[in-house]
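Structure record follows, encoded as structure tokens.
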Amino acid sequence: MTDDRTLWTTLHKYLPRRAWISIADIFLIVQRRVVLDAEDMERVNSRSLTPRWKSNVRRVLRFKQKEGTLTGRKHPV
9 MTDDRTLWTT
19 LHKYLPRRAW
29 ISIADIFLIV
39 QRRVVLDAED
49 MERVNSRSLT
59 PRWKSNVRRV
69 LRFKQKEGTL
79 TGRKHPV
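To convert, count from 1 in the sequence shown and add 8; that's the numbering used here.
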């Protein structure tokens, strides 16, 4: 399973600076730049269709936002 450090390093390297980016685009960056293994592809739980790696990306983003490393804002509609 891909560790949090790898996810964050990839995001930090490839996310655009000072620009809003959708979660779908964030997921695309991870999919294209990280070799995801079978454990990453497992579902979070039996009732969810979400693969574990997507849940882990969201968790890393929340943690970085809480510590102040990342600024999260809602995209203006």
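Glycine is no exception: its CB is placed at the ideal position from the N, C-alpha and C atoms.
- Around the beta carbon of Lys62, 16 or more other beta carbons lie within 10 angstroms, which makes this residue buried.
- Taking every protein chain shown into account, the CB of Val38 has 16 or more other CB atoms within 10 angstroms, so this residue is buried.
- The Cβ atoms of Thr10 and Asp48 sit closer than 7 Å to each other.
- Note that the C-beta distance between Arg60 and Val68 is not below 7 Å.
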